[in-house]
Amino acid sequence: MKAILGVLLLVVIASVVPLAFAWRSAFDPVDPPPPASFDSAAIRRGAQLALIGNCNVCHTAAGGAAYAGQRPVHTAFGTIYSTNITPDPETGIGRWSEAAFTRAMREGVDRRGRHLYPAFPYDHFTKASDEDVKSLYAFLMTREPVRAEAPANELPFPLNLRPLIAAWKWLFFEPSRFEPDPAQSAELTRGAYLVRSLGHCGACHTPRNVLGAEKKAQFLSGGEAEGWDAPALNAASTSPRAWTADSLYRYLRHGLAEQHGIPAGPMAPVGHNLAAAADDDVRAIASYIASLMPAVRAEREQGIDALIVSIQRPESGATGVAQSAADPQSLRQGELLYQGACAFCHDQGRQLSSSGEAMYLPLSTALYLPTPRNLIRIVSEGIAPPDGAPGRWMPAFEGVFTDEQLAALAIYLRARYTDAPAWTNVGDVVRKARK
Amino acid sequence: MITLQVNGKAHAIDAEPSTPLLYVLRDHLQLNGAKFGCGLGQCGACTVMLDGRAVFSCLVPISALPDRPIKTVEGLGTLDNPGPLQRAFIEEQAAQCGYCIPGMMMRAQALLERNPSPSITEIKAHLQPHLCRCGTHMRIVRAIQRAAREMKNAPAAGTGGTTRR
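First to last, the protein sequences are chains A and B.
Note that the first sequence covers residues 1032 to 1466 in this note's numbering.
Note that the second sequence covers residues 2 to 166 in this note's numbering.
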């Protein structure tokens, strides 16, 4: 309902936004520049920046050629298909000049002058430096051209009218450059730049308003991605162990932070990309994000230590279940299901030689988040590395549990393994997550 | 006591609620079609149908099962009167050692009940959770295609009772 009102508002605004603002000129098509015309250092740099920008994730369809687009991006407003950003002259960006590419990155307008939907995060890319945009252009224009036309977007009227995007931009978007804070170290400055520009971390980790624009005042305070909760990366972080620059670096770079876990859900491909990105850049991102998060507090760390001891020695009677306000029948049901389906791997001391150790649940981010959504997704869908790649693995329990059983399991795990308050409306979250 | 609905029959089972369904099928009910492979949900040999979907029976505690229909490979037909999927596997000679086949058949059955005409790509993607290192992969795919054709021509014959989605 709110979204409908928002769209109506957008229509009203669109009718008063000056035509001059909505209309953008086309750049003339150019002959595709030969790959040899690009500087090899710029291509290399662009390759690393494309990994940080996660370009391949949205611009590659399942089983499709890299950067050839056609991937459906499901938004609250409808489905948008990513475009082909290989240098194919007919269906890709082969006839885009560097100026046209730069305008797309900076202003969200394609070569022909059409406004681009903000599923393409130009609200972040606008902050990229001239040199970085140039390098990305060099990288993309030297990929193998692939002929692939993106299917038409599936957006309801009037959202299918691109001039409406001009109204959205008028409300929420301003082309701008990254402005460094001179008081910051070089590493934190680099990290802040990458996080806010090409990394576009806020696209998932910042909450959005009813019209899909990021709430800038709540930068990185937790958002949503493809039906998953994107955890808060600032003072609102609920991580049981405080993140540090080192642990974040290991998480982003090596795909595992011992005291936290692995990148899962929509974060998994981000981790795969950052594993191959420039090491200094990943370190800078980790340092900057860590600087926004709660500092390590001895009191909290000792609280988690004590919780772990009480879980390992339940006879001490201090476990969460004993004190939980949750419905005792759900707790009992959840415990039975846990013992039968999960304990074999997740109980401490049991290690899987074939797939590494199972997640140690008292340290699980998913159990500490404000909603059980990620937990439900992980249990239902499991954890799997991309096809052909090594990585952590957990079987999908889709079909094994009923909605009621899954809710009981979530209620039990939250009570048993965390000191956080019980979740509310678990049943509703389960139903929505499994739709 | 927990009552399980297996292949259309109710069975009262006296076992710990955390016992995996696979153990109950094999040890209590002597339904030995589902196989123990890894016990971790990694290989698919223990696959059965639950509520019409394929699940790893080694991962399902029986406490999750009251009132939910379970179907095993024995529920697809008998030696004397094999169901269409079983006939198709025989006719295509799709088993080499056969250890993984009952699990594959149950996942294939779940697919065919939802999608009566799957493409080769869909069949391969659907069977992805199954490990097997034998030489009959192409025959397995052909058998599933053959079963799909037969089921369309003679629906409901020998499918071993109804299933719920």
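Note that beta-carbon positions come from the ideal geometry of N, C-alpha and C, so glycine has one too.
Small disclaimer: the values here were computed from a predicted structure and weren't measured.
Where Gln-1101 (chain A) is concerned, there is no enclosing beta strand (DSSP E), because DSSP gives it neither an H nor an E. Within the model, the alpha-carbon separation for Gln-1333 (chain A) versus Tyr-1448 (chain A) is close to 15 Å. Under the DSSP assignment, Ala-1256 (chain A) falls in the beta strand (DSSP E) whose first and last residues are 1254-1256.
Closest option to Ile-1414 (chain A), judged by alpha-carbon separation, among A:Ile-1116, A:Glu-1435, A:Ile-1442 and A:Ala-1389: A:Ala-1389. Taking Lys-1158 (chain A) as reference, the option from A:Val-1226, A:Ala-1053 and A:Pro-1118 with the minimal CA-CA separation is A:Val-1226. The closest CA to that of Ala-1256 (chain A), considering only A:Thr-1433, A:Arg-1239 and A:Leu-1444, is found on A:Arg-1239. Among the residues of chain A, those whose CB is under 8 Å from the CB of Leu-60 (chain B) are Ala-1372, Pro-1426, Phe-1428 and Val-1431, following chain order. Look at the stretch 64-97 of chain B: the residues with a C-beta under 8 Å from a C-beta of chain A are Ser-64, Ala-65 and Arg-69.
Put simply, the backbone Cα of Ala-1326 (chain A) is about 23 Å away from that of Pro-1213 (chain A). Leu-51 (chain B) carries a strand assignment under DSSP once its states are collapsed to helix, strand and coil. Counting only Cβ-Cβ distances below 8 Å, Gln-1101 (chain A) has no contacts in chain B at all, with the closest Cβ about 16 Å away. DSSP places His-29 (chain B) within a helical segment (H, G or I) once states are collapsed to three. Taking each of A:Gln-1360, A:Arg-1075, A:Pro-1152 and A:Leu-1219 in turn and checking the Cα distance to Ala-1309 (chain A), the smallest one comes out for A:Arg-1075. Contact of Gln-1333 (chain A) with chain B by beta-carbon distance below 7 Å is absent, the smallest such distance being about 33 Å.
Going by DSSP, Asp-1311 (chain A) is part of the alpha helix (DSSP H) stretching over 1310-1323. Fewer than three pairs of CB atoms, one per stretch, sit closer than 8 Å, so the stretch 40-51 of chain B makes no contact with the stretch 78-86 of chain B. Our two residues, Gln-97 (chain B) and Ala-144 (chain B), have alpha carbons roughly 13 Å apart in a direct line. Contact annotation: the stretch 1223-1237 of chain A does not touch the stretch 1087-1103 of chain A, with fewer than three C-beta pairs closer than 8 Å. In the structure shown, Arg-134 (chain B) adopts coil according to DSSP, grouped into three states. For the stretch 1208-1256 of chain A, the full-length alpha helix (DSSP H) segments reaching 4 residues or more read 1217-1227 and 1233-1236 along the chain. Following the DSSP letters along the chain, one finds Trp-1201 (chain A) inside the alpha helix (DSSP H) bounded by residues 1194-1203. Among the residues of chain B, none has a CB under 7 Å from the CB of Leu-1264 (chain A); the nearest is roughly 32 Å distant.
Contacts with chain B at 9 Å (Cβ-Cβ) do not include Cys-1232 (chain A). In the same chain as Ile-1316 (chain A), and ignoring 5 residues on each side of it, the C-beta atoms closer than 7 Å to its own belong to Gly-1222, Leu-1225, Val-1226, Gly-1230 and Leu-1283, in chain order. Looking at the DSSP output, Phe-57 (chain B) sits in a beta bridge with B:Thr-48. In the DSSP assignment, Pro-103 (chain B) falls within the unbroken alpha helix (DSSP H) covering 102-115.
Here the stretch 1395-1414 of chain A lies against the stretch 1448-1466 of chain A, with 3 or more beta-carbon pairs under 8 Å apart.
Bridge partners of His-127 (chain B) according to DSSP: none are assigned.
Look at Thr-137 (chain B): its C-beta is not under 9 Å from any C-beta on chain A. Contact between the stretch 1415-1430 of chain A and the stretch 11-24 of chain B is absent, with fewer than three C-beta pairs closer than 8 Å. With contacts defined as CB atoms closer than 9 Å, Ile-63 (chain B) and Met-50 (chain B) fail to qualify as a contacting pair. In this structure, Met-1172 (chain A) places its C-beta atom within 9 Å of the C-beta atom of Gly-1125 (chain A). According to the DSSP assignment, Ile-1335 (chain A) belongs to the alpha helix (DSSP H) that extends over 1329-1343. With a cutoff of 9 Å on beta-carbon distance, Gly-1243 (chain A) and Trp-1199 (chain A) are scored as near each other. Annotation: the continuous beta strand (DSSP E) that includes Gln-6 (chain B) extends over 3-7.
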